[in-house]
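Engineer: Mind looking over this structure? Questions follow.
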Amino acid sequence: MIPVLERTMVAPNIHNLRLQAPDVARSAKPGQFVILQAEEDGERIPLTISDWDAEKGDITVVFMQVGATTGKLALLKAGDSIPTAAGPLGNPMELGNFGTVICVGGCYGIASIYPIARALKEMNNRVICVVEARSSFLFYWQEKLRKTSDEMIFITRDGSLGRRGHINNLGSIIPSIKGGVDRVIINGCNYVMMRGCEETRPLGIKTIVSLNTLMIDGTGMCGVCRVTVNGSNKFACVDGPHFDGHEVNWDELSSRRQAYLREETVTLRTSAP
Ligand code: FES
715 MIPVLERTMV APNIHNLRLQ APDVARSAKP GQFVILQAEE DGERIPLTIS DWDAEKGDIT
775 VVFMQVGATT GKLALLKAGD SIPTAAGPLG NPMELGNFGT VICVGGCYGI ASIYPIARAL
835 KEMNNRVICV VEARSSFLFY WQEKLRKTSD EMIFITRDGS LGRRGHINNL GSIIPSIKGG
895 VDRVIINGCN YVMMRGCEET RPLGIKTIVS LNTLMIDGTG MCGVCRVTVN GSNKFACVDG
955 PHFDGHEVNW DELSSRRQAY LREETVTLRT SAP
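Residue numbering for the sequence shown follows our numbering, starting at 715 and increasing by one per position.
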């Protein structure tokens, strides 16, 4: 069993879960994920490892409470345990000295962009973090991100902090950055990543996304996480989760994400307290 060290709500519906998982913490790299189960025989869900401490042996994942499993995870407290935290899985994010990199995070992607921004900063990139949310009260981990970036840009739909609008602001933010932008990395829901890629495509800037797919085993065996990238079948768990966002078939990804919507709705109704 995997001990729960802490579970806190960092913004409405967004939860920070810290687990004692020394084997995962020892080998985690930016961009990798774990597959969690909230209970034996429960659904298996992939969550990005957003922070870890190899010495203390703990890992942190941040998730949005949207369904039955995340609803159960959201009720955990220190001292509880969960049966599974398998990982680290997936390929680490490609890192290097690219120059100026914009790291975009939306929703739970604000946390998952953090280890990537930190690693890029350590490699002497100029890191600009762009975080977006409906309103300023939905931001979290701002101090952590500030420490790992040269600049932070906020986008809110209600204009309560930073620029008013949505991820489509990216198309106007990028040309305003002196010296240009060499790479964009976007983490968040699939819609935010898709819209972000629409903004960077005409600018010709390489844009890496971290795909959110359904997963079961996370080891390339079940095929549930299949996506089409550049016309080829890929498994997000072993070939990704990071891909060139300009090559992803977003329509297919979106429809495959809906495959179990009816079952998810039934489970959510029947598991409600
Ligand atoms: Fe089963 Fe990727 S989760 S193949």
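We put the beta carbon where it would ideally sit given N, CA and C, even for glycine. Bear in mind the structure is a predicted one, so any value in this text is a computation, not a measurement.
1. At which residues does the alpha helix (DSSP H) containing G912 begin and terminate?
2. Collect the residues with a C-beta less than 7 Å away from any heavy atom of the ligand PLP and give them in sequence order along the chain.
3. Measure the alpha-carbon distance for R721 versus E769 and round it to whole angstroms.
4. Just the C-alpha distance for T942 and L761, rounded to the nearest angstrom, thanks.
5. Our contact map puts K920 next to D958 with C-beta atoms below 8 Å; I'd like the distance itself, whole angstroms only.
6. Roughly how many angstroms lie between the CA atoms of V738 and G937, to the nearest whole one?
7. Do V776 and S764 come within 7 Å of each other at the CB atom, strictly closer than that value?
8. Assuming S849 and N901 are in contact, meaning their beta carbons sit under 8 Å apart, how far apart are those beta carbons, in whole angstroms?
9. Taking all protein chains shown into account, decide if S890 is buried (16 or more other Cβ within 10 angstroms of its Cβ) or exposed.
10. I believe I867 touches I888 by the beta-carbon criterion, under 8 Å. Please report the beta-carbon distance rounded to the nearest angstrom.
11. For R878 and E754, what's the separation of their Cα atoms in angstroms?
12. Quick one: grab the DSSP three-state call for A800.
13. Would you identify the three-state DSSP class for R860, choosing helix, strand or coil?
14. Mapping DSSP to helix, strand and coil, what is R878?
15. Pull up the distance between the alpha-carbon of Q856 and that of I830, whole angstroms please.
16. Give me the residue from T814, V818 and P916 with the minimum Cα distance to V906.
Structural biologist: Concretely, from the data shown:
1. According to the sequence as given, residue 912 is Glu; it is not Gly. From DSSP, the alpha helix (DSSP H) with E912 extends over N904 to T914.
2. As presented, the structure is devoid of the ligand PLP, carrying the ligand FES as its sole ligands.
3. 20 Å
4. 21 Å
5. 7 Å
6. 24 Å
7. yes
8. Not confirmed; about 20 Å, so no contact.
9. exposed
10. Not quite, the Cβ-Cβ distance comes to about 10 Å (not below 8 Å), so this is no contact.
11. 44 Å
12. strand
13. helix
14. strand
15. 15 Å
16. V818
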